[in-house]
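Keeping their order, the protein sequence lines are chains A and B. Each step along the first sequence adds one to the number in the working numbering, with nothing skipped, and position 488 is 488. Each step along the second sequence adds one to the number in the working numbering, with nothing skipped, and position 997 is 1542. Below is one structure, written out as structure tokens, with a few remarks after it.
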Amino acid sequence: MTTTTSNKVFLLSFIVLLSGCSKKLDQYPQTDLSDHNFWNTTNDMKLACNYLYSFLPDITTKTDDDMSVDAFAQVANPVSNGSRLPSSTSTDWSNNYTLIRACNNILEKSVKVTGSAVDINKYLAETKFFRAWAYFELVKRFGDVPLILKTLSLSDTALYGSSTNREIILDTIYADLDFATANLPLSNAQAAEEYGRITASAALAFKSRVALFEGTRQKFFGYGHYQTHLQVALDASNQLISSGSNGLYADPVHPDSSYYYLFQYSGEGMDNPENILVRIYGENEINDISSNNYTRSVLDEGALTPTGNIVADYLYKDGLPKDKSPYYQTQTDTYTEFQNRDPRMAMSIFNKYSWYVSGLYVPTFEYTQTGYRSCKYYIAADWVVNVSYIDNIIIRYAEVLLNNIEAKFELGGAVSDQDLNNTINLIRARSGMPALTNGFVSANGLDMRSEIRRERRIEFAFEGMRYWDLLRWKTAETELPQQVVGAKYFPAEQGTLANPNLTPEGLVIVEEAANRKFNPLRDYLWPIPTKEIGLNKNLQQNPNW
Amino acid sequence: MLLTVVRDPACRQFPAKTIMTLRKSLLLLLTVAFLHTYAGAAAQTLTLSVKNAPLEDVFKEIKRQSGYALFFDYSWLKQAHPVTISASKISLHEALDLCFQGQPFTYQIVNKNIFLKLAAPVQVKMVEPAASVQPPIDVHGRIVNENGEPVVASVIVKGSATGTTSNANGEFQLNGIADNAVLLITATNIEKLEWPVKGKTELVVRAKTAVNALNDIVVVGYGTQKRTEVTGAVSTVDKRLLENRPVTNAVAALQGTSPGLTITRFSGQPGKEEYNAQIRGFSSINGNNSALVLIDGVEGDLTLINPNDIESVSVLKDAAAASIYGAKASGGVIIVTTKKGVADKLSFTYSALTTFNHAFGIPKRIHSWEEAQMQNEAFINAGSNPAYTDQQIGWMKDPNINYIVDPVNPSIYDYYYDLNQVDLLMRKTSFSQSHNLSLRGGSDKTQYLFSFGYYDQDGVFKFGPDGTKRYNARLNLNTKLSKIFSLDARISYSRGNTLSPSGDTYADYGLLYGIYQLRTLYPVFLPESNNTKYARVRSGPTTYQILKDGGYGETQRNKLDGIFTLKADNIAKGLSLRLIYSPGLNLSNENDFQRTIPLYDIGPEPTKFIFLPNQISKSRILQTRTDVQALADYDLTVATRHHFHLLGGYQYQYYNSDSAGTTASALISNDVPSLNLSSDPTVPPISGDNIQTNALLSYFGRFDYNFNGKYFLEATLRNDASSQLSPGRRSQYFPSVSGAWRLNTEPWFEGLSGIFNEFKLRGSWGKLGNSNVLGNYDYISMLTQGPVYPFNNARNNSIYQSVLASPDKSWETIETSDGGIDAGLLKNRLTVNLDYYVRRNNNMLVVLNAPATLGLIPSATNSARLLTKGWELNIGWKDRISRFNYWINFNIADNTNKIIRYDGQNVVTEGLNGIIEGMPINSIYGYQASGYFKTAAEVTGHAFQDDRTGPGDIVYVDQDKSGRIDGGLNRPDNHGDLVYLGNTSPRYTFGMNLGFEWNGFDFSALLQGVGKRNMLIYPSAIVPFVDAWRQPWQINQNYWTPQNQDALFPRLYLGGTQNTLTSSKWIQNASYIRLKNLQIGYSLPGSVIRRLKIEKARIFFSGQDIWEHSKMWYKYFDAESPNNAAYNYPFFRSYAIGLNLTF
């Protein structure tokens, strides 16, 4: 190679090099989707809607009962005892707005989608259900909150807007749920492979929950037009009840223990008409898509233990409370108090004749501050492996029945025996409890409102409902500052406690009344995360926080 | 070749005065009257144009253009006749041949030295011939430096024209010289030496390496410069500091070696230390601000390179030095050059290092009954019932009762052991070793270096997978293809193989957490099982089980890099071209096996499992890099004083990362972790892939002007275009200018020249980009896969938008101004470098704090500005007293930063605050602690803190007198009782290295430290019983009781988070000084080893991290640990014995 030739070769390679690489600056994602290549088919909408289901409350939200006096964790709950301070951030706030954005995004982007109107509307309906869900989660905690109905950019002024009156938000929730009801199938019309997706039944049931919450709240706090909301609750629950799409669970093998098996694997799936809205866990250790540790990490390790406070409220099998029933007897061992009680007590709380992991349950104070342990959703077979696939029932038919009777009672001040038979007494009958009648109430000096509320407390014990009920009834200020007690202390059965602090009756004191406070001028609404107020000067903190 | 005779008037204009000053400086440098040395910048081809010029002037020109030094006897020039040459693009050999046509000289070129010889031996009369009564003798000599390495030098008999040069082995032969002759020995890299023969015919001449550091050649962006000509802030790291260190990798070895270069590490886990090299602190709040690492001109990985392959390291700190690298250089640049072959016979070097590592900073645990008693107290204080009865505590103390059958549940044991698993699992001493082998040699045309390295380190755990290995192989080959073209090929392969236990070792709920913080009352094995069954323990440690039987995590990194440079020298007059092609291949294999471990209670069946189902994950990541560069250098000298250098370049970089991973669970076999063994065919393994690509296209140029070695001006301009930005916003210019003035070259400076040998002022300004923080496709509205949902017990995928797209995003541009002084004093024995700089990140990317109503993470926007100011000082002293050769270097640097613009809402929260306008990055806000509450009355009398607050809890100062301790509105104008508690950036980072060599002994020490740093510790690790299972350590026994009010820790309290708020109580002053490295070596005397055919043999001791002092009162964490660290893998003290052999 002569020098001149090599010069040319060299210069040529320079030129090739310079021209060859210049056009390679356009790089596109190869393993991810983007807005450009999505939002075309109804299946795209389905994929987008699937994301919304990850916001359904997981089973650990049952520990919301720790915020009442019906359950206690290993340490005192700061909401329950009134000691909490406003936090700077909170997922109770941010997660719901994340869900709202995802919903608004689907509603906006799906205009590009082509496909059958029925399918498109079905996914729009699911989306609107979730948006309603998020707003109710916000309103029940924080009251007035910013109402965002479109996707925002950083430059949108709405990002720094003030809160919207709750009435307007509730109207939006109702409208969204009405759209969902109109465009989704009822539970009994749903295809099997679709089980778990939102139904018209879920929309109606949820609507009755929302409207009952707001109706009773307006009534007891004295604002707005509570009758309107109670009527919505009544109508929605009536519509669902009369549709016949759902019913109470009856266990085919153990009908007497249907209430227990409702919360075991046998109660899972669409064969159980009581399941209106569930969060699915599945399938099993082999096909491990999504699981929980509820049995071991929550129930067994004492993150949600029943208290003596709720135990005292269980009726005896004659339908009478502790202070009126002849069945009541002084406790001589840990089992006395389970005798002749509402059968739901033994189906919700372990006693020494309950089957535990690999033998009979042994009462203990180990990993339970109260000495009680709940067996609702406790799956013995899952204990060893510490992984559980039990679905979380979010709305079940029993709630719709109780929403219905309560709305009717609070609206009219009275209910007929027929009304009771159509609602409460179906639930009582399933558990083996006598019927509640107007006559029984007056004969025994009881009070109908209290009995309706007691039914709710007992039926939904350790399902995370109680605290929210106390808020809307405006009874939190009397219920929450109570002393929290556990079981009666029987060292021979439960093992010895080093320095037990006991009531005169011998119950273990879990938290003294002196340590528990509830400020009615403050605690009925939650504090808005302070960082949000710092970021948005138009956002007002809730009173007295 | 072009050869014509032309007239060059410029030659005549060479002013006499300049020659005078030139001569003076030459005299200064060489201090010899009749020997003349020229050293100059490297340039391979020459252009000469002289007419009737004295040979001396021609030599000057040759040295200036070629960078080769000439050695000759000045008196010989009297015999020389003037020269006329006009030639361009000729080689050095051709130039010398032209010069010496008809001259009475010949020459020899050895290692950039040109040694002149008289063409025929000339009989020169001795000064005192009569005095010499002895007959002449023949002398054979060998010249070595203080390390025993051969030295190529000129050897001349003093006062005569007789001379020769030593060969590559340092050997020379002089025949027929007087027996009392004195030999004058000179070369650029040694100090001038006079060696009397004293009648000996075999001589070993010990030369001393020159200390004129300012004449070093410094590697800068895309080229080299003489230290005196550098206008930017560049420091170099002495190769000596990188060699023979018992460190994991080259980054570790750089710690403390250079001012402004801060090396941090995350943990001591072999292969997972997560080193970061930061130059001059934060330039951005984003990313890790790490420096751009270039190995032989292309991006590389310092953790994988063999430290023994490194020839030089340059640290480019200011914008002027780094801006030639444009968009990626905002964190500064570390340029590593690997060793090359030499034109010499094959030499063979072997070095070995055996290291004993001793883990330190491990928490001291206490007995189980002590834990139990403290736990009871914590429970009682929190209003709960005590956890243990006195009887149970008694059993813990009783060595004969370790367990009982549970009285109420006969299927389980209650355990009352006292088992400190730290002692059970962690080694006192672990072992590491390294071996390096290199072959070097070559001819005039082709030189080669081949090296092989092996490094192996064991971890701290007594058993289980824990350790790392590295293999390095390198071939550097350069060959001259023709007169113009040469090829340089550098091929390196490295393989890193790290084995670690399943799951995290560090972090909360990791393996170390298990043995550091969980209860000691549990056993590992089920009693009466003969150590065959693991016991099920409630909230007890499972570290033993996981280490021994829980599977492994394995990371293999295979890296193959090639850098091929085709170079054309002097393709036109003064012009040389380089074409560089560098492919890179990085294949990472990650295999993670979680093996199911059964745990037992009484009874034959396991009652619990760890890792159920078992699971194997495998991922394969293939990263390819293409780097193509075309560079042109043009040299021009006008009127001999105006020196211009132009660099033009083009670069295209393309990265592609393609990864695929699969996870299979519920395998049929618990011992054969294979994807094939998924037990249920209806549940296939889960797979995924990810492809990431980006491309960067750049043009750049540099202009250097140098007026007579006195004034220097440099300007660079680079344009980068990146695929990571949206079209239309892709390209940006990065300019810089810098200048320097060597005051010592001015006539008026002469008065000071007795003190200062060098005094240079530098100034620079430039802009750099920070593209490291951009995602590859940020401008596209991406959709993300969400969680799967089990409708119909199938994996139903979900899709959502997780982040806002940011089409308007641009990279950060960082502007730096720098002023500096370089000085050499007292014969250059003392060197001082000082820099002050101001740096602005004008459009820093930040994720604006948006209200949560936005509903997703806002993307980062260019909406903040960061100002950093800092200084660096380096002082060095090198000298020699007789055979005692010693040096000491001290460097210190500091910088402070402040966010001067932030467009988002400022939020002040308790803990670390990344960004608040007007404050430094990572500002800590917390409560001012003021002792402990002594009485209940004090609690009620104080502002409300927490419902749980009681005597023995920390008192927080109610700054705003609101009667309540809180963060107010968490805004800068209202942050309640939160006060600024400093920031986490290290201040006053310093390093000092010192050492000496004497009679074969060598000693060196490197001290390194940080003068000031605030450190946050993970609160749950500080205060026991934040969760019931978090047990106290020995240090926690000093807690508050009414009798111990000045305690280190507050009262014991179950879930006592009222005491773990960020407060002045827990902020540690993490300043420290550490003896990073200590080396003591001995080189065996040549007389001993030569008989063994060994050129050099050195044995040494090297210690790493063997001593430190820190101001932290909480001693369980090392001062180098990151913030919020807890349960970190410990660091090691390393003691190594090593051997270097050269054959």
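Beta carbons: idealized from backbone N, C-alpha and C, even for Gly. In this text, all values refer to a predicted model and were calculated from it rather than measured experimentally.
(1) Closer than 7 Å, Cβ to any Cβ of chain A: which residues of the stretch 1505-1533 of chain B, in chain order?
(2) What did DSSP end up calling B/Pro1564 once you bin it into helix, strand or coil?
(3) Using a cut-off of 7 Å between C-beta atoms, extract the partners of B/Asn1394 located in chain A.
(4) With 8 Å as the threshold, decide whether the Cβ of B/Pro1335 is near any Cβ in chain A.
(5) Quick check on DSSP: helix, strand or coil for B/Ile1678?
(6) Can you check which of these residues, A/Gln541, A/Asp176 and A/Lys150, is closest to A/Tyr123 by C-alpha distance?
(7) So, is the C-beta of A/Asp32 closer than 8 Å to a C-beta in chain B?
(8) Would you say B/Ile1444 faces chain A, with C-beta separation under 8 Å as the test?
(9) Do you know offhand how far B/Phe559's Cα is from B/Gln1174's?
(10) Alpha carbon to alpha carbon, how far is A/Leu262 from B/Ile1325?
(11) Go through the stretch 1405-1439 of chain B residue by residue and report every complete run of the beta strand (DSSP E) that reaches 3 residues or more, in order.
(12) With the cut-off set at 8 Å, would you say B/Leu1418 and B/Ile1437 are in Cβ contact?
(13) Identify the residues that DSSP records as bridge partners of B/Asp1001: which are they?
(14) For the stretch 306-316 of chain A against the stretch 394-404 of chain A, are there 3 or more C-beta pairs whose distance is under 8 Å?
(15) Less than 6 Å between C-beta atoms, sequence neighbours within five positions excluded: which residues of the same chain meet that for A/Met270?
(16) Please go through the same chain and pick out, in chain order, the residues whose beta-carbon is closer than 7 Å to the beta-carbon of A/Leu107, but skip the five residues on each side of it.
(17) Taking 8 Å as the threshold (beta carbon to beta carbon), is B/Asp1172 in contact with chain A?
(18) Might you give, ordered along the chain, the residues of its own chain that have their beta carbon closer than 8 Å to the beta carbon of B/Glu1295, omitting 5 neighbours on each side?
(19) Do the CB positions of B/Asp1323 and B/Ser1404 come within less than 8 Å of each other?
(20) Bridge partners for B/Lys1557 per DSSP, in chain order?
(21) Check for me: the beta strand (DSSP E) holding B/Thr1207 runs from which residue to which?
(22) Between which two residues does the alpha helix (DSSP H) carrying B/Gln966 extend?
(23) A/Gly196 versus chain B: which residues are under 7 Å apart at the beta carbon?
(24) If you run the structure through DSSP and keep just helix, strand and coil, what is B/Lys1372?
(25) Anything in chain B within Cβ reach of A/Ile280, meaning under 8 Å, just list it in chain order.
(26) Can you pull out the residues from the stretch 1054-1077 of chain B whose beta carbon lies closer than 8 Å to at least one beta carbon of chain C?
(27) Would B/Gly1311 and B/Pro1280 be called neighbours here (beta carbons separated by less than 8 Å)?
(28) Using the Cβ count rule (16 or more neighbours within 10 Å means buried), how would you classify A/His229?
(29) Taking only beta-carbon atoms, is A/Asp542 less than 8 Å away from chain B?
(30) When the distance is taken between beta carbons, is B/Gly987 closer than 8 Å to B/Gly1107?
(31) Please go through the same chain and pick out, in chain order, the residues whose beta-carbon is closer than 6 Å to the beta-carbon of B/Ala578, but skip the five residues on each side of it.
(32) Below 8 Å, can you find three or more Cβ-Cβ pairs linking the stretch 1481-1490 of chain B to the stretch 1615-1626 of chain B?
(33) Measure the Cβ-Cβ separation of B/Lys1112 and B/Thr592 and say whether it is below 8 Å.
(34) Tell whether a beta-carbon distance below 8 Å holds between B/Phe995 and B/Leu984.
(35) Could you check if A/Pro146 is buried or exposed, using at least 16 other CB atoms within 10 Å of its CB as the buried criterion?
(36) Over what stretch of residues does the beta strand (DSSP E) that includes B/Leu1130 continue unbroken?
Looking at the coordinates:
(1) Asp1511, Gly1512, Leu1514, Asn1515 and Arg1516
(2) helix
(3) Leu535
(4) yes
(5) First, the residue type needs correcting, since residue 1678 of chain B is Arg and not Ile in the sequence shown. If DSSP states are grouped into helix, strand and coil, B/Arg1678 belongs with the strands.
(6) A/Asp176
(7) yes
(8) no
(9) With a pLDDT of 36 at B/Phe559, under the threshold of 50, the predicted position of this residue should be treated as unreliable, though the coordinate-derived value follows. Using only the alpha carbons, I get a separation of about 39 Å.
(10) 48 Å
(11) 1405-1426
(12) yes
(13) B/Gln978 and B/Lys1014
(14) no
(15) Tyr195
(16) Leu124 and Thr127
(17) no
(18) none
(19) yes
(20) B/Arg1532
(21) His1187 to Ser1210
(22) Gln966 to Leu970
(23) Phe1336
(24) coil
(25) Tyr1334, Pro1335 and Phe1336
(26) Although the question refers to chain C, the structure presented lacks it and instead comprises the protein chains A and B.
(27) yes
(28) buried
(29) According to the sequence as given, residue 542 of chain A is Asn; it is not Asp. No, because no Cβ of chain B sits closer than 8 Å to the Cβ of A/Asn542.
(30) no
(31) Any answer about B/Ala578 is weak, because its pLDDT of 30 lies below 50 and its placement is not dependable; what the coordinates show is given next. Excluding positions up to five away in sequence, the list is empty.
(32) no
(33) no
(34) yes
(35) buried
(36) Leu1120 to Gln1139
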